[in-house]
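Protein chains in written order, with the working numbering: chain F, 1 to 266; chain A, 1001 to 1312. Okay, structure first, notes after.
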């Protein structure tokens, strides 16, 4: 039975929901983490590196939700600063150079809102990723694991194919933020979640996502291994398929995927 | 050429700029009386009704001046130099050569992707009051004889938030310019993504940024002019991607809203936080240009990129 958006919201906030720290060792054979944006620092909210996936090297970019308060403090609750996005771009460019596909694991409430983030150009960092990822000459696959919060998620989701875990959500702003701004009442969060059309099925309907990855009964936290297997199965097929496409066609299709999204009359 | 000569030349050019600016309107009277009139508007003016549009109170420095003088000064605060918001028509008039503007996609309007209650009504009302179908006007015009594609966002239209139409019009403007080897100048202003259109509005950030990537490959010039306020998803997409980024003095530019940041860090932010000057200091704005010099700044940049004057 399909869950409502509100039920899914509760589910993805479950503290036992697996994070990239659970998935990466289960999906990839070997992961070598690479640090830093070469300009300012290293942002633990986005982890990046090279991994082996069925004996093929891939670049992994992953937003890190902590499994406990210590991990969360380190990774800032998966809310990246500009240097996180710039690290992601550096590693994506590296992947392009060495012909590796890029796998982005998206799980964030949004880009961090703070003084330092503004001083270091949060807007510019996200914008640059959107532009550069659009013309990156290597396959990009993004998977939304839990929360896909706004521009902070999109900065790792300009891709050839977007897959969404069955209960994951992807939205222009959090339902709480939506209720707070449009209705001046953050307590109407649930109502907002239902209205906003943010579930995996909605995303497929809008042409925003291409694939739903099924979760174990009751949610990913009930069987992390099975969840990882489902992700691997999808990824194996997608990597194989996209790596077979020549880069001109790949880029044209990527552009068209976003180019056609919009609902208007004229 | 000696250094002295060079300095003289630069200085002469600079004075040319000044000469071209319209004669400065008489100094705005920001007397105490003006403030008093405004504050005592309701009760104790002895029955004299003061019209709402008589005075301008600057949102940056809070000083009040006569609307008439403020308007003569192209809506720039004479006290602090804050460059106030303009309607798209005012902006066009100050920027484009007379009668040179040809609008694109004038009839395009939004649908209601998430069936947000009353969205259609709200759009319809704004279309009437703002005399535009959506929050951005795009087209082509000449600026001192140089032909360019231009886009002007108008914050009066739902805070110029970006939904399907804003995204589509801007994308088409870049595609049009890339095909014809033309430059693009965008005057940005926005509260961010149009939440009423849900995820569709978020996707416009990717769509417009993609269009700029392609446009850039065509080797053409894109100038952003950030005006008050440029924030959220627009800052995090096409506004930040100009080859050259200009901002008007004192305007608000940022990613996150001031209130959101204040709530996160639980302390008051300094006044200059997220101002054009703050952005320039941090390395995100090339030029801060006053409104009265904007036309000459833009036309000079177009010339320096080898675009040819088509009208004398």
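Here a beta-carbon is modelled for each residue, glycine too, at the ideal position from N, C-alpha and C.
Would you decide whether residue i is buried or exposed? Buried here means 16 or more other CB atoms lie within 10 Å of its CB.
i                       : result
residue 1134 of chain A : buried
residue 1204 of chain A : buried
residue 98 of chain F   : exposed
residue 1088 of chain A : buried
residue 1083 of chain A : buried
residue 1146 of chain A : buried
residue 118 of chain F  : buried
residue 1248 of chain A : buried
residue 1220 of chain A : buried
residue 50 of chain F   : buried
By DSSP, does residue i sit in helix, in strand, or in coil?
i                       : result
residue 120 of chain F  : coil
residue 1139 of chain A : strand
residue 105 of chain F  : strand
residue 138 of chain F  : coil
residue 34 of chain F   : strand
residue 161 of chain F  : strand
residue 79 of chain F   : coil
residue 1305 of chain A : coil
residue 1228 of chain A : strand
residue 1298 of chain A : helix
residue 1102 of chain A : strand
residue 971 of chain A  : Since the first residue shown for chain A is 1001 and the last is 1312, residue 971 of chain A is missing from the structure and cannot be characterised.
residue 192 of chain F  : helix
residue 180 of chain F  : helix
residue 40 of chain F   : coil
residue 1123 of chain A : helix
residue 1280 of chain A : helix
residue 311 of chain F  : One cannot answer for residue 311 of chain F here, as it falls past the ends of chain F, which runs 1 to 266.
residue 1260 of chain A : helix
residue 1165 of chain A : helix
residue 85 of chain F   : helix
residue 1181 of chain A : coil
residue 1114 of chain A : coil
Between the options, which has its C-alpha nearest residue i's C-alpha?
i                       : options                        : result
residue 7 of chain F    : F:41, F:237, F:219, F:98       : F:219
residue 123 of chain F  : A:1058, A:1265, A:1255         : A:1255
residue 1292 of chain A : A:1056, A:1078, A:1110, A:1191 : A:1078
residue 121 of chain F  : F:82, F:89, F:140              : F:82
residue 1198 of chain A : A:1113, A:1246, A:1250         : A:1113
residue 267 of chain F  : F:173, F:104, F:258            : This structure leaves residue 267 of chain F out entirely; chain F is present only between 1 and 266.
residue 1195 of chain A : A:1173, A:1234, A:1228, A:1142 : A:1234
residue 1159 of chain A : A:1096, A:1230, A:1170         : A:1230
residue 256 of chain F  : F:159, F:128, F:112            : F:159
residue 95 of chain F   : F:142, F:59, F:154             : F:59
residue 28 of chain F   : F:84, F:149, F:262, F:61       : F:61
residue 116 of chain F  : A:1282, A:1302, A:1162, A:1057 : A:1282
residue 1103 of chain A : A:1073, A:1124, A:1136         : A:1136
residue 254 of chain F  : F:161, F:201, F:181            : F:161
residue 1075 of chain A : A:1209, A:1302, A:1118, A:1251 : A:1251
residue 1193 of chain A : F:235, F:229, F:177            : F:177
residue 1218 of chain A : A:1206, A:1210, A:1225         : A:1210
residue 93 of chain F   : F:48, F:231, F:69, F:65        : F:48
residue 264 of chain F  : A:1117, A:1162, A:1063, A:1064 : A:1162
residue 1309 of chain A : A:1148, A:1179, A:1154         : A:1148
Roughly how many whole angstroms lie between the Cα atoms of residue i and residue j?
i                       : j                       : result
residue 80 of chain F   : residue 46 of chain F   : 6 Å
residue 972 of chain A  : residue 1142 of chain A : No statement about residue 972 of chain A is possible, as the shown extent of chain A runs from 1001 to 1312 and does not include it.
residue 195 of chain F  : residue 1121 of chain A : 18 Å
residue 137 of chain F  : residue 1215 of chain A : 17 Å
residue 165 of chain F  : residue 202 of chain F  : 13 Å
residue 1201 of chain A : residue 100 of chain F  : 31 Å
residue 1126 of chain A : residue 1073 of chain A : 27 Å
residue 77 of chain F   : residue 15 of chain F   : 12 Å
residue 1284 of chain A : residue 1244 of chain A : 10 Å
residue 171 of chain F  : residue 110 of chain F  : 10 Å
residue 279 of chain F  : residue 102 of chain F  : Only positions 1 to 266 of chain F appear in this structure, which leaves residue 279 of chain F out of reach.
residue 106 of chain F  : residue 1057 of chain A : 45 Å
residue 1259 of chain A : residue 114 of chain F  : 11 Å
residue 1325 of chain A : residue 126 of chain F  : Past the edges of chain A, shown from 1001 to 1312, lies residue 1325 of chain A, and the structure says nothing about it.
residue 1168 of chain A : residue 69 of chain F   : 43 Å
residue 232 of chain F  : residue 213 of chain F  : 10 Å
residue 191 of chain F  : residue 197 of chain F  : 11 Å
Q: Mind checking the stretch 1294-1312 of chain A against chain F and listing, in chain order, the residues whose C-beta falls within less than 9 Å of any C-beta there?
A: Per Cβ criterion, the list is empty.
Q. Quick one, which residues of the stretch 197-215 of chain F are near chain A if we go by CB-CB under 7 Å, in chain order?
A. Of all residues in the stretch 197-215 of chain F, the ones placed with a Cβ closer than 7 Å to any Cβ belonging to chain A are 197, 198, 203, 206, 208, in chain order.
Q. Taking Cβ-Cβ distances below 8 Å as the criterion, which residues of the stretch 3-20 of chain F are in contact with chain A?
A. Going along the stretch 3-20 of chain F in chain order, one finds no residue with a Cβ nearer than 8 Å to chain A.
Q: Pull out every residue of the stretch 1199-1216 of chain A whose Cβ sits closer than 9 Å to any Cβ of chain F, in chain order.
A: Taking 9 Å as the Cβ-Cβ cut-off against chain F, the residues of the stretch 1199-1216 of chain A that qualify are 1199, 1200, 1201, 1202, 1203, 1204, 1205, 1206, 1207, 1208, 1209, 1210, 1211, 1212, 1213, 1214, 1216.
Q: Closer than 9 Å, Cβ to Cβ, to anything on chain F: give me those residues from the stretch 1227-1241 of chain A, in chain order.
A: If the cut-off is 9 Å between Cβ atoms, the stretch 1227-1241 of chain A has 1230, 1231, 1232, 1233, 1234, 1235, 1236, 1237, 1238, 1239, 1240, 1241 near chain F.
**Q.** Chain-ordered residues of the stretch 126-142 of chain F with a beta carbon less than 8 Å from chain A
**A.** The stretch 126-142 of chain F vs chain A, Cβ under 8 Å: 126, 127, 128, 130, 131, 132, 134, 135.
Q: Below 7 Å between beta carbons is the criterion; list the residues of the stretch 146-160 of chain F that meet it against any residue of chain A, in chain order.
A: Close to chain A, meaning a Cβ-Cβ distance shorter than 7 Å, are the following residues of the stretch 146-160 of chain F: 150, 151, 154, 158.
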